[in-house]
Amino acid sequence: MELPCSLLCFVETLAVLRRSKSLSNEIIATGSRLVAGPSGAQDRAMTATRYDKNAKNVLGQELVPCSLDPVTGFYRNGCCETGPHDLGLHTVCAVMTRDFLAFSKAQGNDLSTPRPDLAFPGLKPGDRWCLCAGRWKEALDAGMAPQVVLEATHEEMLAVVPLGVLKDHAAA
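Quick note on numbering: our numbering labels position 87 of the sequence shown as 896, and the sequence is numbered without any gaps.
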């Protein structure tokens, strides 16, 4: 059984956020609350590791983590959550394949090459990653869409692709 994102370890998240270049270097821990903001702006407080502790998945249930190894999500908390700073809508938890990684690289988004300067390990087939909704839809239209982990895909994805299509691409 996977733990809900809201129950993940605060200390682990703090360590990830400190390493992440996508978030500001202003990380303030106060008790059980963590305040961090993309692009140098302080964002709203997070409880535990969740940006939005009420986030739901496409099945209407509590959102579960997509991946902690490698750590994914716009907020690098393991969850495909979204918020006002997430212009790419990183809401779909996808299982990487060799074909999708090659497709994404050809589209100008190289997900397989490690980028130590961004604390990005590079992805390999089998890794789970929070993709931008538009990138997944683009891959779908090209016949290259990777499988989706429904329990870890944010309900906002339903504004881009119907649930039936996501279910057709559900990971086992």
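We treat Cβ as the ideally placed atom computed from N, Cα and C, and that holds for glycine.
Three or more beta-carbon pairs separated by less than 8 Å are not found between the segment 916-924 and the segment 871-880, which leaves the two stretches without contact. Taking 3 residues as the shortest admissible run, the segment 909-944 contains the following complete beta strand (DSSP E) segments, listed from N- to C-terminal end: 937-941. Inclusion of Val957 and Leu975 in the CB contact set at 8 Å is warranted, their separation being smaller than that value. In the structure shown, the three-state DSSP call for Lys946 is helix. DSSP places Val974 within a helical segment (H, G or I) once states are collapsed to three.
If you ignore the 5 residues before and after Asn866, its C-beta comes within less than 8 Å of the C-beta of Leu872, Val873, Leu959, Glu960, Ala961, Thr962, His963, Glu964, all in its own chain and listed in chain order. Under the three-state reduction of DSSP output, Ala951 falls in the coil class, being neither helix nor strand.
DSSP places Thr906 in no beta strand (DSSP E); its state is neither H nor E.
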